[in-house]
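Participant: Just dropping this structure here.
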Amino acid sequence: MVRYPSAVLSFLVMSEFFPIGILFFFACAVAGGILFVDSFFGERRPNAVKGSTYECGIETKVDARRRFHVRYFVVALLFILFDVEVALLYPWAVLFRRLGVEGFIMVGIFMALIVDGLVYAWKKGALEWE
Amino acid sequence: MGTPIPLPIMPGDLTAIGPLLAVVIAAAGFLAVDMAFTREELKNRWTFIIGIIGAALAAVTALMLDIGTGESRLILGEALYADLYTVFFDLLFALLMGASLVLSWTAVERARMKPVEFYSLAAFSFAGMFLTSRAADLLSLFLAIELLSMPLYVLAGFATTSKTGREAALKYFVLGSVASAILLFGIALMYGGTGSIDYVELGAQVSSGGRDSPLVLAGLALILAGLAFKVGAVPFHMWTPDVYEGSPTAVTALMATGVKAAGLAAAIRFLAGPMAAALSYVSVMLWWIVALSMVVGNAGAMLQSNVKRLLAYSSIAHAGYILMGLLGDSLGTAAAVYYTAVYVLSVAGAFGVVQYFGDGDRELETVDDFNGAAKRHPWISLLFTIFLLSLAGIPPTGGFVAKFFVFGSAIQTGHIGLALLGVLTSVIGIYYYLRLVIAMWMKDEGRPVLAELSPTSWVVLGLLAASVLALGCMPGWLWLIVQSAVVSLV
């Protein structure tokens, strides 16, 4: 085995993360390089419209730091809940037959807990928009 | 259709996580109660019944575990442990859950929180606590700590009318998330360096040349930092005073007892369990955490006039004393576990008393508010005095014996300087705990008002005080249990 002078160096070269390091280096080099070249050769003609803030081409109307209604957050929370649920159900669906009755019962318990939460949210009026 | 895949569930595994199932079912039961009834009295009555049944079931299922010859057993696909250590902490958390139901009820209603919602969130947090002592790999550890923290972020700001509560919730959430990120980053580095998340496997890798791997060292340091945040040890303690002061008292009681004990349960399993070889790599870091926690915690508490802030700083100091046990040998680890139990019982009692002082919307907050309390309410003041003396470490209370064990093991393993520092800072501790005692017994002015104490609260407070005294007068039996629990760790 080759002895590298330091543990850090040996780790850098030997580990399976080395290709990721190369990728990281080139990503930085390309992005940084383009910005660098652009700052030398690029033309600059600023005006008021160009310099204004925009998002997805839509003109700004109000300050970004305005308050959002709490219902957006409730919907976002519920969305994440069911998003994660589906992500966890998918592998089970693929292996449905092989996991057998035991797997079915386990997923049933998991679903029951989540449905309990959904019914609770529903009862509390989290799904009412107006 | 391929061959059937057996689930990694052995017979007996479900009994081994019985306490966990009991509190999760109780938490779901609280939600069902909230949906099923419309009248407040009915909701409250069923919340109390379900909570007590849940806590009792957790205790009973913990005792039903077959610990065999005392060796650790890995359950559920080697993700969790089942041994005497988990039984010990299960009983502690089940007791805390029962005590919180009885003692915090008045404070919950005073802060305009709905008991059913409060205890549902608290039960989910307790589920996380029951997991921390069991974690057998880094992902279980992370899951346990997140499950424990998430409901508490909400609970800290649950009294929506309180401005300080909102501030506390935001601070706790932001800083807690950063701590979780640090912990997770440490876990990632450990995995990157060793290719494993399993404590046993990690322990083997670390003891054979872990020092050569910068990833393992950095990972260990980051994991220790994340855990130190959760137990509120210096220099990761900044959130403690503000969050303890701002949160509703019922939530503060939960943080000071359950969260602290759970964080310590995880830290002790992590540092003194199969990973014990790793401890020598981070012992310098741990030494400084212990020394700074004792000094900053006690010096900070001395300057406080608010009782919740005072107890917050004192909890920082106690985290230092408990972690000191980990620097010693297996006796030191046992001392740390013993100290944790005594600390939890004393603080649960102290906060139990604090929650009853005050009437209407007002709570008693400053030390001066307690002036002359003993003249009007002698018995409750006597109980409060017992809990405070135990925290100060004065015989014949459990706090003295716990400090004796911890300092003794530190001296035996050569940490004489640290033990001296511990004794010196304990003297500062006596000063600020006695300030409260003097205010209650020797000052005249002030008229502290006590909320109505139910007979059950008297019973629970009395039992807590009796156990604190019993742990001071007859420490032998628990000391033996703790020692065999610690033996099963490795």
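Listed in order, the protein sequences are those of chains A and B. All residue numbers for the first sequence refer to our numbering, where the first residue is 98 and numbers rise by one. All residue numbers for the second sequence refer to our numbering, where the first residue is 289 and numbers rise by one. Glycine residues also receive a C-beta, built at the ideal position from the N, C-alpha and C atoms.
Taking 8 Å as the CB-CB limit, is A/D180 close to chain B?
Facilitator: In the first sequence, counting from the first residue as 1, residue 180 of chain A sits at position 83. Chain B contact via Cβ: absent.
Participant: State yes or no: is the C-beta of B/I475 within less than 8 Å of the C-beta of B/I433?
Facilitator: Locating residue 475 of chain B in the second sequence gives position 187, where the first residue counts as 1. Locating residue 433 of chain B in the second sequence gives position 145, where the first residue counts as 1. Cβ distance not < 8 Å, so B/I475 and B/I433 don't count as in contact.
Participant: Go ahead and pull the three-state DSSP assignment for B/T654.
Facilitator: By 1-based counting over the second sequence, the position of residue 654 of chain B is 366. Three-state DSSP puts B/T654 in a strand.
Participant: Give the residues of chain B in contact with A/E225, contact being defined as C-beta atoms less than 8 Å apart.
Facilitator: What you label residue 225 of chain A is simply residue 128 of the first sequence in a count that begins at 1. In chain order: nothing, as chain B lies at least about 16 Å away.
Participant: Would you identify the three-state DSSP class for B/I297, choosing helix, strand or coil?
Facilitator: The residue labelled residue 297 of chain B in the question sits at position 9 within the second sequence. Note: B/I297 maps to coil in three-state DSSP.
Participant: Residues of chain B with a CB under 8 Å from the CB of A/L196: which are they?
Facilitator: As a position in the first sequence, residue 196 of chain A is number 99, starting the count at 1. Under the 8 Å cutoff, chain B gives P292, I293 and L295.
Participant: So for B/L738, helix, strand or coil by DSSP?
Facilitator: Numbered from its first residue, the second sequence carries residue 738 of chain B at position 450. Three-state result, B/L738: strand.
Participant: Using a Cβ cut-off of 8 Å (strictly closer), state whether A/K220 contacts chain B.
Facilitator: On the first sequence, residue 220 of chain A is found 123 positions in, with the first residue counted as 1. A/K220 counts as touching chain B.
Participant: Out of B/S603, B/Y626, B/L443 and B/M385, which has the shortest C-alpha to C-alpha gap to B/G588?
Facilitator: Stepping through the second sequence from its first residue, residue 588 of chain B is reached at position 300. Taking only the C-alpha atoms, the option nearest B/G588 is B/S603.
Participant: Leaving out the 5 sequence neighbours to the left and right, which residues in its chain are closer than 8 Å to B/I682 when beta-carbon positions are compared?
Facilitator: Numbered from 1 along the second sequence, position 394 holds the residue referred to as residue 682 of chain B. Excluding sequence neighbours, B/I682 sits near F688 and I718.
Participant: Using the beta-carbon of each residue, which ones in chain B are nearer than 7 Å to A/G200?
Facilitator: Translated into positions along the first sequence, residue 200 of chain A becomes position 103. What A/G200 touches in chain B: L295.
Participant: Using DSSP's beta-bridge definition, name the partner residues of B/D486.
Facilitator: For the purposes of this step, residue 486 of chain B is taken as residue 198 along the second sequence, with counting starting at 1. For B/D486, which the question treats as bridged, DSSP gives the partners B/D425.
Participant: Using a Cβ-Cβ cut-off of 8 Å, state whether A/L175 counts as contacting chain B.
Facilitator: Translated into positions along the first sequence, residue 175 of chain A becomes position 78. So, not an interface residue.
Participant: In the DSSP assignment, the beta strand (DSSP E) including B/A544 goes from what residue to what residue?
Facilitator: Counting from one through the second sequence, the residue named residue 544 of chain B turns up at place 256. Taken as a continuous stretch (DSSP letters only), B/A544 belongs to no beta strand (DSSP E), as it is neither H nor E.
Participant: So, helix, strand or coil for A/I177, using DSSP?
Facilitator: Locating residue 177 of chain A in the first sequence gives position 80, where the first residue counts as 1. Here A/I177 sits in helix by DSSP.
Participant: Any beta carbon of chain B sitting closer than 8 Å to that of A/V212?
Facilitator: Start at 1 with the first residue of the first sequence, and residue 212 of chain A comes out as number 115. No, A/V212 lies away from the interface with chain B (no Cβ there is under 8 Å from its Cβ).
Participant: Once the 5 residues before and after B/F695 are set aside, which same chain residues still bring their CB inside 7 Å of it?
Facilitator: Mapped onto the second sequence, residue 695 of chain B falls at position 407. Same-chain partners within the cutoff: A707, G710 and V711.
Participant: What's the gap between the Cα of B/W576 and the Cα of B/A541?
Facilitator: By 1-based counting over the second sequence, the position of residue 576 of chain B is 288. By 1-based counting over the second sequence, the position of residue 541 of chain B is 253. Approximately 27 Å, taken between the alpha carbons.
Participant: Rounding to the nearest angstrom, what Cα-Cα distance links B/W527 and B/T291 in this structure?
Facilitator: On the second sequence, position 239 is the one that residue 527 of chain B refers to. On the second sequence, position 3 is the one that residue 291 of chain B refers to. Between B/W527 and B/T291, the alpha-carbon positions lie close to 52 Å from each other.
Participant: If you draw a straight line from the C-alpha of A/F121 to the C-alpha of B/E405, how long is it?
Facilitator: Here the question's residue 121 of chain A lines up with position 24 in the first sequence. Here the question's residue 405 of chain B lines up with position 117 in the second sequence. When rounded, the separation of the alpha-carbon atoms in A/F121 and B/E405 is 47 Å.
Participant: Relative to the ligand NAD, is the shortest distance from any of its heavy atoms to the C-beta of B/L619 smaller than 7 Å?
Facilitator: No copy of the ligand NAD appears in this structure; indeed no ligand is present at all.
Participant: Would you say B/G339 reaches chain A, if we count a Cβ-Cβ gap shorter than 8 Å as a contact?
Facilitator: Along the second sequence, one-based indexing puts residue 339 of chain B at 51. Output row for B/G339: interface = no.
Participant: So that I know if they touch, is there some Cβ in chain A lying closer than 8 Å to that of B/G445?
Facilitator: Taking the first residue of the second sequence as position 1, residue 445 of chain B is located at position 157. No, no contact with chain A.
Participant: Select from B/I313, B/T303, B/W765 and B/A347 the residue whose C-alpha is nearest the C-alpha of B/L368.
Facilitator: The sequence position of residue 368 of chain B within the second sequence is 80, counting from 1. For the residues B/I313, B/T303, B/W765 and B/A347, the minimum Cα distance to B/L368 belongs to B/T303.
Participant: For a test of the three-state rule: what should DSSP assign to B/F645, helix, strand or coil?
Facilitator: The residue given as residue 645 of chain B occupies position 357 in the second sequence. In the three-state scheme derived from DSSP, where H, G and I count as helix and E and B as strand, B/F645 is classed as strand.
Participant: What's the C-alpha gap between A/T150 and A/K158?
Facilitator: Along the first sequence, one-based indexing puts residue 150 of chain A at 53. Along the first sequence, one-based indexing puts residue 158 of chain A at 61. Distance between the alpha carbons of A/T150 and A/K158 is about 10 Å.
Participant: On the criterion of 16 or more Cβ atoms from any shown chain inside 10 Å, does A/Y80 qualify as buried, or is it exposed?
Facilitator: Absent from the model: residue 80 of chain A. The displayed extent of chain A is 98 to 227, so no value can be given.
Participant: Taking 8 Å as the cut-off, does the segment 740-758 of chain B touch the segment 626-644 of chain B (at least 3 CB pairs, one atom from each stretch)?
Facilitator: yes
Participant: Would you say A/V216 lies against chain B (beta-carbon separation less than 8 Å)?
Facilitator: Here residue 216 of chain A refers to the residue found at position 119 of the first sequence. Cβ-Cβ to chain B under 8 Å: yes for A/V216.
Participant: So, do the segment 563-576 of chain B and the segment 412-431 of chain B have three or more beta carbon pairs nearer to each other than 8 Å?
Facilitator: Pairwise C-beta distances place the segment 563-576 of chain B out of contact with the segment 412-431 of chain B, as fewer than three of them are shorter than 8 Å.
Participant: For B/V583 and B/F381, I'd like the C-alpha separation in whole angstroms.
Facilitator: The count along the second sequence starts at 1 and reaches residue 583 of chain B at position 295. The count along the second sequence starts at 1 and reaches residue 381 of chain B at position 93. Rounded to the nearest angstrom, the two C-alpha atoms are 29 Å apart.
Participant: Mapping the DSSP letters down to three states, classify A/R142 as helix, strand or coil.
Facilitator: Counting from 1 along the first sequence, the entry for residue 142 of chain A is found at position 45. Note: A/R142 maps to coil in three-state DSSP.
Participant: Counting only beta-carbon separations shorter than 8 Å, does B/L368 have a partner in chain A?
Facilitator: Along the second sequence, read from residue 1 onward, the residue named residue 368 of chain B stands at position 80. So no, B/L368 is outside the interface.
Participant: Using a Cβ-Cβ distance cut-off of 8 Å, determine whether B/A636 contacts chain A.
Facilitator: Taking the second sequence and counting its residues from 1, one reaches residue 636 of chain B at position 348. B/A636 does not count as touching chain A.
Participant: Residue range of the alpha helix (DSSP H) that A/A218 falls in?
Facilitator: Taking the first residue of the first sequence as position 1, residue 218 of chain A is located at position 121. In the DSSP assignment, A/A218 falls within the unbroken alpha helix (DSSP H) covering F193 to K220.
Participant: Find the nearest neighbour of B/E653 within the set B/H606, B/S669 and B/S593, judged by alpha-carbon distance.
Facilitator: Here residue 653 of chain B is taken as the residue at index 365 of the second sequence, counted from 1. Among B/H606, B/S669 and B/S593, the Cα nearest to that of B/E653 is on B/S593.
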